[in-house]
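Chemist:
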């Protein structure tokens, strides 16, 4: 059960979420207000803004929930898809599909290629960290993820080098963190796997609570860690891959939100997972609003906003952990 203070915070968060979503539909680089629905241009503009808001909410929810699960499963408070290199691996798979021109004809190939590349990245990182002295050690996982992410970024630059001019512009803007999803078809193809993954995780919230006690203690409580842990990692990777396929690389969303929620609501995943879904989505939509209205008529990519806010937060957590 939640305390009165937690109920007040949750209620304030719901009200704030409604206000932010209402503000997002009215904000644009060209001005502030509701588009004129009597004109074709106004309806098209409203359609673009609605698609952008839904994309931002889904991507933020996916990255925040994936970060929450990875931090619990890997027992590493600094674990996050971007820091571990999972986002970089997913971006390579998506860039390959975009460079080949298949994305325009088959939108579902974007999340598919992103997921395959992200899973290969996870397997590689875990294997290298295990050989370096045990994947349970936070230093090994973080260091391996950072190095692997750097290598994959170089691969991504190689793909851009050999891509056509139009493809280069698309990939470059997408890499900066772009919430303007290409189509409703792509949004649907990526949202469905994310919803299924969230449902699976919510059904296993008690399992995640048991993993907080350690893998051995969770096994003693009846959790089949040999199958459960890989499945949880697969679900987190699937959400990350779908998010990257829609919006590109957006860092630190999976780090900031779960930490703030743990401070306010504790580590019970029955509350933490739904909170990560809602707060993560609102956080990214708010960052997108800031990017649109900060320097009008120019637009700052949402990935830049999250990096500026998340980088210092990561350093704070790192120094606090060292102390």
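In the numbering used here, the protein residues as written are 35 to 357.
The C-beta atom is built at its ideal place from N, Cα and C for all residues, glycine as well.
Since the model is a prediction, treat every value here as computed from it, not as a measurement.
(1) Which parts of the stretch 80-153 are runs of the alpha helix (DSSP H), unbroken and 4 residues or longer, counting only runs that do not cross its ends?
(2) How about the stretch 92-110 and the stretch 177-188: do they share at least three Cβ pairs that are nearer than 8 Å?
(3) May I ask you to report which of helix, strand or coil DSSP gives residue 224?
(4) Assuming residue 351 and residue 112 make a contact with CB atoms under 8 Å, what is their CB distance in whole Å?
(5) Taking buried to mean at least 16 other C-beta atoms within 10 Å of its own C-beta, is residue 116 buried or exposed?
(6) Under 8 Å: do the stretch 333-345 and the stretch 252-266 share three or more Cβ pairs, one atom per stretch?
(7) Taking DSSP as the reference, what is the three-state secondary structure of residue 215?
(8) To which residues of the same chain is residue 156 closer than 7 Å at the C-beta, ignoring the five residues directly before and after it?
(9) Is it the case that the Cβ atoms of residue 235 and residue 280 are separated by a distance below 8 Å?
(10) Whole angstroms are fine: how far does the CA of residue 230 sit from the CA of residue 264?
(11) Under 8 Å between the Cβ atoms of residue 340 and residue 285?
(12) In this structure, how does DSSP classify residue 305 when only helix, strand and coil are distinguished?
(13) Using the C-alpha atoms, what's the distance from residue 76 back to residue 219?
(14) Measuring CA to CA, which of 193, 140, 244 is closest to residue 109?
(15) Measure the alpha-carbon distance for residue 209 versus residue 254 and round it to whole angstroms.
(16) Just tell me which of 312, 276, 283, 226 has its CA closest to the CA of residue 291.
(17) Taking the alpha-carbon of residue 131 as reference, which of 165, 249, 197 has the nearest alpha-carbon?
(18) Near residue 84, what residues of its chain come up, given a Cβ to Cβ distance below 8 Å and the 5 sequence neighbours on each side ignored?
(19) Based on the DSSP output, what are the partners of residue 61 in its beta bridges?
(20) What is the DSSP secondary structure of residue 190, counted as helix, strand or coil?
(21) Spatial neighbours of residue 169 within its chain, please: C-beta separation below 7 Å, excluding the five flanking residues on both sides.
(22) Mapping the DSSP letters down to three states, classify residue 328 as helix, strand or coil.
(23) What number of angstroms, rounded off, separates the C-alpha of residue 321 from the C-alpha of residue 47?
(24) In this structure, how does DSSP classify residue 184 when only helix, strand and coil are distinguished?
(25) Using C-beta distances below 6 Å, list every residue in its chain close to residue 80, excluding the 5 sequence neighbours before and after it, in chain order.
(26) For residue 72, count neighbouring C-beta atoms within 10 Å of its own C-beta (all shown protein chains included) and say buried if the count is 16 or more, exposed if not.
(27) With a cut-off of 8 Å, does the C-beta of residue 334 fall near any C-beta of chain D?
(28) Suppose contacts are defined by Cβ-Cβ distances below 8 Å. Is residue 315 in contact with residue 44 by that definition?
(29) Ignore the nearest five residues each way along the sequence and tell me which others in residue 153's own chain have a CB closer than 6 Å to its CB.
(30) Use the C-beta contact count for residue 114: other C-beta atoms within 10 angstroms, 16 or more gives buried, fewer gives exposed.
Modeler: Taking the structure as given:
(1) Fully enclosed alpha helix (DSSP H) runs of 4 or longer: 120-134, 136-139.
(2) Verdict: no, contact absent.
(3) DSSP places residue 224 in helix when its eight states are reduced to three.
(4) Contact flag correct, Cβ pair sits at about 6 Å.
(5) buried
(6) no
(7) coil
(8) 120, 267, 271
(9) no
(10) 17 Å
(11) yes
(12) helix
(13) Roughly 22 Å between the two C-alpha positions.
(14) 244
(15) 44 Å
(16) 312
(17) 197
(18) The residues are 59.
(19) 66
(20) helix
(21) Caution is warranted here: a pLDDT of 48 is assigned to residue 169, below 50, making its placement in the model unreliable, and the coordinate value is therefore given only provisionally. Apart from the 5 residues on each side of it in sequence, residue 169 sits with its Cβ closer than 7 Å to the Cβ of 160, 163, 175 in its chain, given in chain order.
(22) coil
(23) 16 Å
(24) helix
(25) 69
(26) exposed
(27) Going by chain labels, chain D is absent from the structure shown, which holds only one protein chain.
(28) no
(29) Correct list, in chain order: 271.
(30) Label assigned to residue 114: buried.
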